[in-house]
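**Q** Got a structure for you, questions after.
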Amino acid sequence: MTAATWEVEWERVLWKRKSHPDNFVPPSFLASLSTNANFTPYTYWGLVAASTSITQHVAVIFIFLAVFVRLKERLIDPRIIIWLSVFAFLLGYFVWETLVYRNSQESSRYASRAKAVKSSILVFLALLALSPLLRTLTAATSSDSIWALSACLFILNILLADYSTANAETYHRERLTSVLSMNAAISSSVVLASRLADDQSVFALTILSIQAFGLFPILRRRLQSGPTFVRAMLTIHLVASSVSFTAPLSTMVTYLYTAIYVFVLLVAPGLLMWAQRYKNEVRGSWDPAVPKVKFSS
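Per this note's numbering, the sequence shown runs over residues 846 to 1142.
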């Protein structure tokens, strides 16, 4: 039988009895070969805009660490942190209402507000009651072990954080990695708060951690779907705040923070742009067939 006959008879199906061997390869087998068929090249400024969420998350961690050092060294009154946390919560809730619930029905908005106020009061009172217990939580543990544990938990928080953009269908859903990331950050905050000297400082740092690692990531994901200008201004504000809070404490750490921001925001997108030239995804007839199901209307 000629090669042309083989090519006509060969079909990519398993449910037919065929006269040619199973390992037969027709001359047209590579005709459908394609390279990088579904690949969309990145743009540098698009990657920079996408990396703002990572920069914001890292900046929040650095701000939290600066506040912890100031509380530990008694360089700031914990009551200031408490009132700033309350103000930040009210501001964040106002922004959330503006972004999410502007198209909701009035009855659902009232129910959501009542639930948010109730939950906030319960969390506030629970943290206030648990502050004396949290202060003595790691009394028998050395400080070196606490610093190492806290660093590992914050690194885990950065690696597992959800940096995607929330849309109308997914902003109510939380991924498992984002939940684990939040738990790691809150655990790290608790062990750091246990090294503070008084209950008021413990309460101030704990309430700050709830907002920084529990509530802000949800709002940040929502803001990522907004205009690029909003993301840029939020990133600049958080980066400037972390640098200004850290500079009086340590010049070397400030330089380290600045280097991290430059790498994440400017250098890493350039490296990804350089690496995408080596992408070589080959697709052809050997790939699993994709079934096409037609639904009757």
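Using N, Cα and C, we set each Cβ at its ideal position, and we do this for glycine too.
These figures come from a predicted structure and were not determined experimentally.
With a Cβ-Cβ cutoff of 7 angstroms, do Tyr1106 and Val1075 count as a contact?
**A** By 1-based counting over the sequence shown, the position of residue 1106 is 261. By 1-based counting over the sequence shown, the position of residue 1075 is 230. For Tyr1106 and Val1075, no; Cβs fall outside 7 angstroms.
**Q** Could you give the distance in angstroms between the alpha-carbon of Pro1114 and the alpha-carbon of Met1097?
**A** Translated into the one-based positions of the sequence shown, residue 1114 becomes position 269. Translated into the one-based positions of the sequence shown, residue 1097 becomes position 252. Approximately 25 angstroms between the Cα atoms of the pair.
**Q** Please state the DSSP three-state secondary structure of Thr880.
**A** In the sequence shown, residue 880 corresponds to position 35, counting from 1. Looking at Thr880 - three-state DSSP - the assignment turns out to be strand.
**Q** Helix, strand or coil for Val870? Go by DSSP, reduced to three states.
**A** Counted from its first residue, the sequence shown places residue 870 at position 25. Residue state, collapsed to three classes: coil.
**Q** Report the three-state DSSP secondary structure of Arg1040 (helix, strand or coil).
**A** Position 195 of the sequence shown, counting from 1, holds the residue named residue 1040. In this structure, Arg1040 counts as coil in the three-state DSSP scheme.
**Q** How about the region 1049-1067 and the region 895-912: do they share at least three Cβ pairs that are nearer than 8 angstroms?
**A** Yes, the region 1049-1067 is in contact with the region 895-912.
**Q** What's the gap between the Cα of Pro889 and the Cα of Met1118?
**A** Reading the sequence shown from its first residue, position 44 is the one you call residue 889. Reading the sequence shown from its first residue, position 273 is the one you call residue 1118. In the sequence as presented, Pro is not what sits at residue 889; that position holds Tyr. Taking the straight line joining both Cα atoms gives about 7 angstroms.
**Q** Tyr1123: buried (16+ other C-beta within 10 angstroms of its C-beta) or exposed?
**A** Within the sequence shown, residue 1123 is the residue found at index 278, counting from 1. With fewer than 16 Cβ atoms within 10 Å of its Cβ, Tyr1123 is classed as exposed.
**Q** Assuming Asn1002 is part of the alpha helix (DSSP H), what are its boundary residues?
**A** The residue given as residue 1002 occupies position 157 in the sequence shown. Asn1002 -> alpha helix (DSSP H) spans 988-1005.
**Q** Can you look up Ala1013 in the DSSP assignment and give me helix, strand or coil?
**A** One-based indexing of the sequence shown puts residue 1013 at position 168. Because the pLDDT of Ala1013 is 46, which lies under 50, any placement of that residue in the model is unreliable, and the number read from its coordinates should be weighed accordingly. Residue state, collapsed to three classes: coil.
**Q** With distances taken Cα to Cα, identify the nearest neighbour of Leu973 among Pro871, Ile1052, Asp1007, Leu1110.
**A** Against the sequence shown, residue 973 aligns to sequence position 128. Leu973 has its Cα closest to that of Ile1052, out of Pro871, Ile1052, Asp1007, Leu1110.
**Q** For Ser1034, is the classification buried or exposed, using 16 other Cβ atoms within 10 angstroms of its Cβ as the cut-off for buried?
**A** In the sequence shown, residue 1034 corresponds to position 189, counting from 1. Per the 10 Å Cβ criterion, buried.
**Q** How should Val962 be labelled, buried or exposed, when 16 other C-beta atoms within 10 angstroms of its C-beta is the threshold for buried?
**A** For the purposes of this step, residue 962 is taken as the residue at position 117 of the sequence shown. Val962 is exposed by the Cβ-count criterion.
**Q** Do Leu1050 and Ala1042 have their CB atoms nearer than 7 angstroms?
**A** Position 205 of the sequence shown holds residue 1050. Position 197 of the sequence shown holds residue 1042. Not closer than 7 angstroms, so no.
**Q** Just tell me which of Val1047, Ser1054, Thr1091 has its CA closest to the CA of Leu979.
**A** Translated into the one-based positions of the sequence shown, residue 979 becomes position 134. Ranking the options by Cα distance to Leu979, first place goes to Val1047.
**Q** Here's the rule: buried if 16 or more other CB atoms are within 10 angstroms of the residue's CB, otherwise exposed. What is His1082?
**A** Numbered from 1 along the sequence shown, position 237 holds the residue referred to as residue 1082. Exposed, since its Cβ has fewer than 16 Cβ neighbours within 10 Å.
**Q** Would you check if the distance between the CB atom of Ala1057 and the CB atom of Phe909 is smaller than 7 angstroms?
**A** If you number the sequence shown from 1, residue 1057 lands on position 212. If you number the sequence shown from 1, residue 909 lands on position 64. Taking 7 angstroms as the Cβ cut-off, Ala1057 and Phe909 qualify as a contacting pair.
**Q** Which term fits His902, buried or exposed, when burial requires 16 or more other beta carbons within 10 angstroms of its beta carbon?
**A** The residue given as residue 902 occupies position 57 in the sequence shown. The residue in question, His902, is buried, as its Cβ has 16 or more Cβ neighbours within 10 Å.
**Q** With C-beta atoms as the reference, is Leu998 less than 7 angstroms away from Ala971?
**A** In the sequence shown, the residue the question calls residue 998 occupies position 153. In the sequence shown, the residue the question calls residue 971 occupies position 126. The answer is no: Cβ separation not under 7 angstroms.
**Q** I'd like to know whether the C-beta atoms of Pro923 and Gln1045 end up nearer to each other than 7 angstroms.
**A** As a working note, residue 923 is residue 78 in the sequence shown. As a working note, residue 1045 is residue 200 in the sequence shown. In this structure, Gln1045 lies closer than 7 angstroms to Pro923 by Cβ.
**Q** Going straight from the alpha carbon of His865 to that of Pro871, what length do you get?
**A** For the purposes of this step, residue 865 is taken as residue 20 along the sequence shown, with counting starting at 1. For the purposes of this step, residue 871 is taken as residue 26 along the sequence shown, with counting starting at 1. Distance between the alpha carbons of His865 and Pro871 is about 10 angstroms.
**Q** Thinking C-alpha only, which one of Leu1001, Ala911, Trp928, Ser1009 is nearest Ile1031?
**A** Residue mapping note: residue 1031 aligns to position 186 of the sequence shown, counting from 1. When each option's Cα is compared against that of Ile1031, the closest is Leu1001.
**Q** For Thr981 and Ile991, which I take to be in contact (beta-carbon distance under 8 angstroms), what is that distance rounded to the nearest angstrom?
**A** Within the sequence shown, numbered from 1, the residue matching residue 981 stands at position 136. Within the sequence shown, numbered from 1, the residue matching residue 991 stands at position 146. Between Ile991 and Thr981 the Cβ distance is about 13 angstroms, and since that is not below 8 angstroms, they are no contact.
**Q** Less than 7 angstroms separating the beta-carbons of Ser995 and Val940?
**A** Reading the sequence shown from its first residue, position 150 is the one you call residue 995. Reading the sequence shown from its first residue, position 95 is the one you call residue 940. No, Cβ-Cβ distance for Ser995 and Val940 is not below 7 angstroms.
**Q** Roughly how many angstroms lie between the CA atoms of Asn868 and Phe884, to the nearest whole one?
**A** Here residue 868 corresponds to residue number 23 of the sequence shown, with the count starting at 1. Here residue 884 corresponds to residue number 39 of the sequence shown, with the count starting at 1. Those two C-alpha atoms are separated by around 31 angstroms.
**Q** Using the C-alpha atoms, what's the distance from Lys960 back to Ala911?
**A** Taking the sequence shown and counting its residues from 1, the one referred to as residue 911 is at position 66. Taking the sequence shown and counting its residues from 1, the one referred to as residue 960 is at position 115. Each residue's Cα considered, the two are about 32 angstroms apart.
**Q** By DSSP, does Arg862 sit in helix, in strand, or in coil?
**A** Numbered from its first residue, the sequence shown carries residue 862 at position 17. Three-state result, Arg862: coil.
**Q** Please state the DSSP three-state secondary structure of Tyr915.
**A** In the sequence shown, counting from the first residue as 1, residue 915 sits at position 70. Looking at the sequence itself, residue 915 is Arg, so the reference to Tyr does not match. Of the three classes helix, strand and coil, the one that applies to Arg915 here is helix, per DSSP.
**Q** Of all the options Leu892, Val905, Tyr1008, Phe913, which has the alpha carbon lying nearest to the alpha carbon of Leu1094?
**A** Translated into positions along the sequence shown, residue 1094 becomes position 249. Out of Leu892, Val905, Tyr1008, Phe913, Phe913 has the C-alpha closest to the C-alpha of Leu1094.
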